[in-house]
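Q: Could you have a look at this structure, given as structure tokens, before my questions?
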Amino acid sequence: SNFPECRHTEPWLHKIGVTCPLDGGEVVERKTRKGRTFYGCSNYPECDFTSWKKPLANPCPQCGGLLVVANKNHAQCTQCEEQFSLDQVSVEEASAN
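Residue numbers (this note's numbering): 10 to 106.
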């Protein structure tokens, strides 16, 4: 049989283009053992940042904190808890470029 001698596999990490608010690493999409999606820092276990909600690349307009998708139409800041419409956040991102 030609079964590979090495059975070690690395987890498949999907980068989402957001920097970690704690250490500046890359935020990646991961899956739990049961298949639920969460987002964490690629520098784990040195950095313990995790979020069930998808982080957005642009910062909060008020405090500069991390924005996450709260629901279909809104984004929420993880620091000041302020909510913004996704349209408003994407318009601000487009005007900044």
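Using N, Cα and C, we set each Cβ at its ideal position, and we do this for glycine too.
Rounded to whole angstroms, how far is the Cβ of E38 from the Cβ of T46, which I believe are closer than 8 angstroms?
A: Within the sequence shown, residue 38 is the residue found at index 29, counting from 1. Within the sequence shown, residue 46 is the residue found at index 37, counting from 1. That pair is a contact at about 6 angstroms.
Q: Hey, C56 and L31 are a contact pair by Cβ (cut 8 angstroms); roughly how many whole angstroms apart?
A: The sequence position of residue 56 within the sequence shown is 47, counting from 1. The sequence position of residue 31 within the sequence shown is 22, counting from 1. With 8 angstroms as the limit, C56 and L31 qualify as a contact, their Cβ atoms being about 5 angstroms apart.
Q: I need the straight-line Cα distance from T41 to A84, nearest angstrom please.
A: In the sequence shown, the residue the question calls residue 41 occupies position 32. In the sequence shown, the residue the question calls residue 84 occupies position 75. Answer to the nearest angstrom: the Cα atoms are 24 angstroms apart.
Q: Using alpha carbons as the reference points, say which of S94, P54, C89 lies closest to A79.
A: Here residue 79 is taken as the residue at index 70 of the sequence shown, counted from 1. Minimum Cα distance to A79 is reached at S94.
Q: Go through its chain and collect everything with a Cβ distance to P68's Cβ below 8 angstroms, but skip five positions before and after it.
A: For the purposes of this step, residue 68 is taken as residue 59 along the sequence shown, with counting starting at 1. So the list reads G74, L75, L76, once near-sequence residues are dropped.
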